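Undergrad:
Residue numbers (this note's numbering): 28 to 323.
1. Taking 8 Å as the threshold, find out whether the segment 89–107 comes into contact with the segment 299–311 through three or more Cβ pairs.
2. Which residue's Cα is closest to the Cα of residue 277: 74, 155, 211, 122?
3. Decide yes or no for the touch test of the segment 238–256 against the segment 175–185: beta carbon pairs closer than 8 Å, at least 3 of them.
4. Count the other C-beta atoms from every protein chain shown that fall within 10 angstroms of the C-beta of residue 309, then say buried if there are 16 or more, exposed otherwise.
5. Is residue 304 helix, strand or coil when you go by DSSP?
6. Just to check my reading of the structure: residue 187 and residue 115 have Cβ atoms closer than 8 Å, yes? What is that Cβ distance to the nearest angstrom?
7. Quick one: residues in its chain with C-beta nearer than 8 Å to the C-beta of residue 191, no 5 flanking neighbours on either side, listed in chain order?
8. Look at the alpha carbon of residue 259 and the alpha carbon of residue 47, and state the distance between them as a whole number of angstroms.
9. Alpha helix (DSSP H) containing residue 260: first to last residue?
10. Among the residues of its own chain, which have a CB less than 7 Å from the CB of residue 293, if the five just before and after it don't count?
11. Please list the terminal residues of the continuous alpha helix (DSSP H) segment that includes residue 141.
12. What are the boundary residues of the alpha helix (DSSP H) that includes residue 194?
13. What does the Cβ neighbour count give for residue 82, buried or exposed, with the cut at 16 atoms within 10 Å?
14. Within a Cβ cutoff of 8 Å, which residues of the same chain sit near residue 93, ignoring the five residues on either side of it in sequence?
15. Answer with buried or exposed for residue 28, where buried requires no fewer than 16 other C-beta atoms within 10 angstroms of its C-beta.
16. Answer with buried or exposed for residue 226, where buried requires no fewer than 16 other C-beta atoms within 10 angstroms of its C-beta.
17. Taking all protein chains shown into account, do 16 or more other C-beta atoms lie within 10 angstroms of the C-beta of residue 162, making it buried, or fewer, making it exposed?
18. Sorted by chain position, which residues of the same chain lie with C-beta nearer than 8 Å to residue 296's C-beta, five sequence neighbours on each side aside?
19. Would you report the Cα separation of residue 158 and residue 50, rounded to the nearest angstrom?
20. So, are the CB atoms of residue 274 and residue 79 less than 8 Å apart?
21. Alpha carbon to alpha carbon, how far is residue 41 from residue 197? Give it in angstroms, no decimals.
22. Helix, strand or coil, according to DSSP, for residue 61 in the structure here?
23. If distances are taken between C-alpha atoms only, which option among 52, 43, 45, 35 comes closest to residue 284?
24. What is the DSSP secondary structure of residue 47, reduced to helix, strand or coil?
25. By alpha-carbon positions, which one of 322, 290, 251, 288 ends up nearest to residue 140?
26. For residue 72, collect the residues of the same chain with a Cβ closer than 6 Å to its Cβ; drop the 5 residues on either side in sequence, then sort them by chain order.
27. The alpha helix (DSSP H) spanning residue 113 covers which residue range?
28. Is the beta carbon of residue 290 less than 8 Å from the beta carbon of residue 86?
29. Restricting to Cα atoms, I'd like to know which of 171, 204, 165 is closest to residue 255.
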């Protein structure tokens, strides 16, 4: 009886949590079709704010910059995170392993203000060094903008992606890798042929997580951006301080649609891959059983 009550309580809490999370998103999508300029007053159905958003060059340029940074930083973070996660999962102990694990986890627990300020000071020192160096090094000088934001977002995303991929590698059955090694396969071939396909869902999840973190970041970006390199969160934050704008509802609705579609497509692909692996494993087990019966 107590278990049944607890089950109903958990279901109720889950439903309330989902309602609390998704009702504001539904209201936001509805009010993106509002005729009135007042975002809290319904003035009738209209799509004029969608047209207004498509003519707003400031928001479109900021959105394009944010998408480019998110894609580039997530790709770089996936590569670095995969290497770091593989090292932490497969190489149990090595010199400096504790320090390495701590440095990987630091961006997740450190306040974004500290991370942004420290990276800004580092970038300023590098810029001063390049300016005071010879002509060859002066050609490497860079201003704050796309490149510096890319570095900051890659550092932030890599920490989270490393944790995701390391967790997947720890749970992975190493018997396939060991069997491949017994058959003479080289470690690099084992990684690309066996390990990488098995951790592909974790890599896809980490990539989506990296895009979300990059598009959501405001604090680190504020430290690392320069003139003419305002990202979408910066533009939204600056406009919200001046008052609610109906175009922000439209922009949020478009982002919800894009991200929701990506999540559904990738989840569908991951489920199909898992089903395919289960079928192949079942077929291999059946063939092995048939071979054993024929032998006997």
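We put the CB at the ideal spot given by N, CA and C, even for glycine. Since the structure is predicted, the reported quantities are computational estimates derived from the model, not experimental observations.
TA: So, from the data block:
1. no
2. 74
3. yes
4. exposed
5. helix
6. About 14 Å; that fails the 8 Å criterion.
7. 108, 112, 229, 232, 233, 236
8. 25 Å
9. Looking at the DSSP string, the run of the alpha helix (DSSP H) that includes residue 260 is 259–268.
10. 231, 235
11. 139–158
12. 173–198
13. Its Cβ having fewer than 16 others within 10 Å, residue 82 is exposed.
14. 241, 242, 258, 259, 260
15. Low confidence applies to residue 28: its pLDDT is 48, below 50, so where it sits in the model is not reliable enough to give any reading.
16. buried
17. Counting other Cβ atoms within 10 Å of its Cβ, residue 162 stays below 16 and is therefore classed as exposed.
18. Excluding positions up to five away in sequence, the list reads 231.
19. 53 Å
20. Yes.
21. 29 Å
22. strand
23. The shortest C-alpha separation from residue 284 is found at 52.
24. Of the three classes helix, strand and coil, the one that applies to residue 47 here is helix, per DSSP.
25. 251
26. 60
27. 84–117
28. no
29. 171
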